[in-house]
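Heads up, the thing below is written out as C-alpha cells.
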Amino acid sequence: MRSRAAAPAGMRRAAARTELVAVPIGGGAVRVGGATVALREGHATCDCPMGGAPWCLHRLVAEGEERTRDLGGREERVEAPSVVLPEPSGAEALPAEDAARFAPILGEVEALVAELVTLGLRRAARVSGDRARELCARAAAMRPRARGPRDAGLGRLARALDRLAALLPMLEGPDVGAAEADALREVAITRNLVRALRANTGALPLEDIAGASQRAYVEVPPIEVQGLGLEAWVAAGGVAGVTAYVAVLGEGRVLTRTLLTKGRPERLVDPRTWAEGLAAGPAFARSGITLRDLARGRFALSGARIALSHGRLSGSRATSAARRPALPRDDARLARHVLARAEDAARLGRSLAFDPLGRPPRSSPIVLLPVQRLSPTDFDHATQELSIRIHVGAGVELRTSLSFREERVLLFDNLEVLSRSARPPRWLCVRLAREGGALVIEPLSAELADGSTIDLTLDVVDPALEVTR
Numbered sequence: 001m002r003s004r005a006a007a008p009a010g011m012r013r014a015a016a017r018t019e020l021v022a023v024p025i026g027g028g029a030v031r032v033g034g035a036t037v038a039l040r041e042g043h044a045t046c047d048c049p050m051g052g053a054p055w056c057l058h059r060l061v062a063e064g065e066e067r068t069r070d071l072g073g074r075e076e077r078v079e080a081p082s083v084v085l086p087e088p089s090g091a092e093a094l095p096a097e098d099a100a101r102f103a104p105i106l107g108e109v110e111a112l113v114a115e116l117v118t119l120g121l122r123r124a125a126r127v128s129g130d131r132a133r134e135l136c137a138r139a140a141a142m143r144p145r146a147r148g149p150r151d152a153g154l155g156r157l158a159r160a161l162d163r164l165a166a167l168l169p170m171l172e173g174p175d176v177g178a179a180e181a182d183a184l185r186e187v188a189i190t191r192n193l194v195r196a197l198r199a200n201t202g203a204l205p206l207e208d209i210a211g212a213s214q215r216a217y218v219e220v221p222p223i224e225v226q227g228l229g230l231e232a233w234v235a236a237g238g239v240a241g242v243t244a245y246v247a248v249l250g251e252g253r254v255l256t257r258t259l260l261t262k263g264r265p266e267r268l269v270d271p272r273t274w275a276e277g278l279a280a281g282p283a284f285a286r287s288g289i290t291l292r293d294l295a296r297g298r299f300a301l302s303g304a305r306i307a308l309s310h311g312r313l314s315g316s317r318a319t320s321a322a323r324r325p326a327l328p329r330d331d332a333r334l335a336r337h338v339l340a341r342a343e344d345a346a347r348l349g350r351s352l353a354f355d356p357l358g359r360p361p362r363s364s365p366i367v368l369l370p371v372q373r374l375s376p377t378d379f380d381h382a383t384q385e386l387s388i389r390i391h392v393g394a395g396v397e398l399r400t401s402l403s404f405r406e407e408r409v410l411l412f413d414n415l416e417v418l419s420r421s422a423r424p425p426r427w428l429c430v431r432l433a434r435e436g437g438a439l440v441i442e443p444l445s446a447e448l449a450d451g452s453t454i455d456l457t458l459d460v461v462d463p464a465l466e467v468t469r
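Using this note's numbering, you'd call the opening residue of the sequence shown number 1 and step up by one each time.
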C-alpha cells in the first residue's frame with residue numbers, strides 16, 4: 001500500500017475534514033460515500049470517476065482513517081465544518097471609455113422611464129413594450145471590451161428591461177394588481193441602475209450596477225449541502241422551471257439549482273404536465289443525481305461552481321456529488337434554517353428588504369417551519385387571497401395570505417387538503433417575502449407525518465388525507 005504522504009496535500013486535507021466513513025459491504029470492500037473501494041493485497045481500487053488516478057478521496061478515507069477501525073457503531077454526530085465561500089468582486093469605477101459608450105442608451109432608457117411614470121403604467125404599457133424590448137436587446141449587446149473589466153457591460157440593465165418588457169403586457173390581464181406592483185418595482189430598479197451608471201462613483205462593484213450578460217460562476221471549496229425543498233414556478237412572460245433549494249451546512253446560506261423548460265409549455269398553469277420531467281432531470285452533468293434527489297438528500301459536493309452574487313449552483317460536469325444520509329429536520333446543523341421563534345423571524349426578516357438595484361439575495365429566503373397544527377385555510381373571493389395560520393410552537397402562530405394566480409391553483413388545492421388533514425405535516429419548507437410591509441410565507445414542500453415528502457407546487461396531496469373539521 002502506498003504511503004498517504006505521497007498523495008497531494010490538498011487531497012489529504014480534504015480527507016482530514018470530510019465526514020465520509022468507510023462501511024464494510026463484504027468481500028474485502030467498503031462503501032465510502034457513493035463509491036466502492038476494494039482492498040486487496042495492500043492495494044485499493046475505487047469505482048469513482050477518479051478511480052484511474054493515483055489517488056482519490058475515497059481511497060484515502062478507506063486506507064488511512066482511524067475511525068474506520070470500528071465500523072459497526074453509529075455515525076458520530078458532529079457539527080459540519082465551517083465553510084467560508086469566496087466573496088464577490090470589490091468596488092470599482094466604470095472606465096471613462098465605457099461610460100461614454102453607454103451614455104446614448106442610458107439616455108433613451110431614462111426617457112422610457114419618464115414616459116412610464118408620466119403617463120402611468122397601464123396607459124404607457126400599450127406603446128412602451130416594444131421600446132423596452134428594443135432597448136433590452138441593445139443593452140445586452142453592450143458586452144465588456146476585450147481589455148476592459150469583466151463586468152463593464154450592461155447585463156444588469158438588460159435583464160431589468162427584459163423583466164419590465166415581460167410585465168407590461170400583463171397589465172391588461174386578470175392579475176392586474178400583482179402585475180402592476182411588479183412592473184413598478186422593475187421601473188424603480190431600471191431608474192436606479194441608470195442613475196448609478198451615470199454617477200459612476202466607484203463605491204459599488206461593477207457587478208452590482210453593470211454586469212456582463214452572462215453570470216460568472218466560480219469554483220468553490222468542497223461543500224456539504226442538505227436539500228430543503230423543490231419548487232415548480234412560472235415567471236412573467238411564460239418562462240417556467242423547477243428549482244431545488246439546498247442549505248450549505250456550516251455556512252448558513254441557501255443555494256439554488258434550476259432547470260428551465262425549452263420554450264413556453266402548452267399547459268402553463270398545470271405544472272404536472274411539464275415540471276415532472278424537469279424534476280427528474282440531472283442536477284449535475286454525469287452525476288446520476290436528479291433535481292428531486294438534490295432537493296431531498298444530503299450530498300458532499302466537490303468542484304462545485306457557484307454564481308456568488310446570486311447563490312446559484314452550476315450543473316457543471318466538473319461537479320462531483322457523494323450521497324450521504326439525509327439529516328432530520330431538527331438536526332442542529334440545520335438550526336440556522338429553521339423559523340420557530342421571534343428571534344428567528346427578526347434575523348431572517350432583515351434579509352427581505354427591497355434592494356434598490358434589484359440585486360438578488362446571495363442566499364435564497366427559504367426556511368423550515370416546524371408544524372404543530374394547521375388551521376383550515378380560508379379563501380376570500382373578494383380579495384382573491386388565501387389565508388393560512390401555521391402553529392409552530394406553544395403560543396406561536398404565523399399568519400399569512402397568498403394572492404391567487406393561475407399557476408398557484410395546484411398549491412392552493414394542496415394547502416386546502418393539508419390544512420384539513422387528521423395529522424398535520426411535521427415540517428414545511430417555505431419561501432419568505434415582504435409584500436406591502438407584511439411577511440408572506442409561501443409553502444413549497446411538506447414532510448408528512450409518515451415521513452414522506454411532497455412538493456406542493458408539482459405533486460398532488462392524496463385527498464384521502466382530508467377530514468372535515
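Don't be surprised by glycine CBs; every beta carbon is placed ideally from N, CA and C.
Where does residue i fall in DSSP's three states?
i    : result
D270 : coil
R317 : coil
P463 : helix
G437 : coil
L112 : helix
T201 : coil
F354 : coil
R323 : strand
E442 : strand
E63  : helix
A232 : strand
H58  : helix
P376 : strand
L432 : strand
R469 : Note on R469: pLDDT 43, under 50, position unreliable in the model; the coordinate value appears next. Coil.
S364 : coil
L458 : coil
L339 : coil
By Cβ distance, which residues of its chain are closer than 8 Å to residue i, with the 5 residues on each side in sequence left out?
i    : result
A282 : Before going further, note that residue 282 is Pro rather than Ala in the sequence given. Closer than 8 Å at the Cβ level, and outside the excluded window around P282, lie G288, I289, T290, L291, G315.
A160 : E186, I189, T190, L193, G358
A44  : M1, V37, A38, R59, A62, E63
L121 : L168, L171, E180, A183, L184, V187
A449 : R423, P424, P425, R426
Q384 : S403, F404
DSSP beta-bridge partners for residue i?
i    : result
Q226 : A247, R298
T453 : E447
R347 : None; R347 has no bridge partner.
P282 : T290
L398 : I390
S403 : E385
G241 : W233, L260
V254 : A247
E219 : R305
T118 : Paired residue(s): none; T118 is not in a bridge.
P370 : W427
Given residue i, which residues of its chain have a CB within under 6 Å of its CB, disregarding the five upstream and five downstream residues?
i    : result
R305 : Y217, E219, S314, S316
L458 : A232, P271, A275
R434 : L352
H58  : V32, A35, V37, C46, C48
F126 : In the sequence as displayed, the identity of residue 126 is Arg instead of Phe. Hits under 6 Å: none found.
A279 : V242, L291, R292
P265 : A240, W274
R399 : R389
D378 : S387
L228 : Y245, A247, I366, C429
D455 : L230, S445
Q372 : H391
R336 : G252
Indicate, with yes or no, if the ligand ATP has a heavy atom lying under 7 Å from the CB of residue i.
i    : result
A114 : Among the components modelled here there is no ligand, and therefore nothing to report on the ligand ATP.
Keeping to the same chain, check which residues put their C-beta closer than 7 Å to that of residue i; ignore five residues upstream and five downstream.
i    : result
L116 : A124, S128, V187
S375 : R389, S419
M50  : C56
R198 : L106
D208 : L357, R359
A7   : W55, L60
Does any CB atom of chain B fall closer than 8 Å to the CB of residue i?
i    : result
S128 : Included in the structure is just one protein chain, with no chain B present.
> Is there contact between the region 389-402 and the region 330-340, where contact requires at least three CB pairs shorter than 8 Å?
Replying inline: The region 389-402 is in contact with the region 330-340.
> Between the region 411-422 and the region 381-390, are three or more C-beta pairs nearer than 8 Å?
Replying inline: The region 411-422, when compared against the region 381-390, does touch it at the 8 Å Cβ threshold.
>> For the pair the region 128-147 and the region 101-115, tell me if three or more CB-CB distances fall below 8 Å.
In response: Using a Cβ-Cβ distance cut-off of 8 Å, the region 128-147 and the region 101-115 are in contact, since at least three pairs of beta carbons, one from each stretch, lie closer than that value.
>> Under 8 Å, with one C-beta from each stretch per pair, do the region 182-189 and the region 151-171 reach the 3-pair mark?
In response: Taking a contact to require three or more Cβ pairs closer than 8 Å, the region 182-189 and the region 151-171 qualify as touching.
> How about the region 258-267 and the region 360-372: do they share at least three Cβ pairs that are nearer than 8 Å?
Replying inline: Here the region 258-267 makes no contact with the region 360-372; the two share fewer than three CB pairs at distances below 8 Å.
> Per the contact definition of three or more C-beta pairs closer than 8 Å, is the region 397-411 in contact with the region 437-453?
Replying inline: These segments touch.
> Counting Cβ pairs, one atom from each stretch, are 3 or more of them under 8 Å apart for the region 321-336 and the region 133-152?
Replying inline: These segments do not touch.
> Which ranges does the alpha helix (DSSP H) cover as unbroken runs of at least 4 residues, wholly within the region 130-181, from first to last along the chain?
Replying inline: Whole alpha helix (DSSP H) segments, 4+ residues: 155-167.
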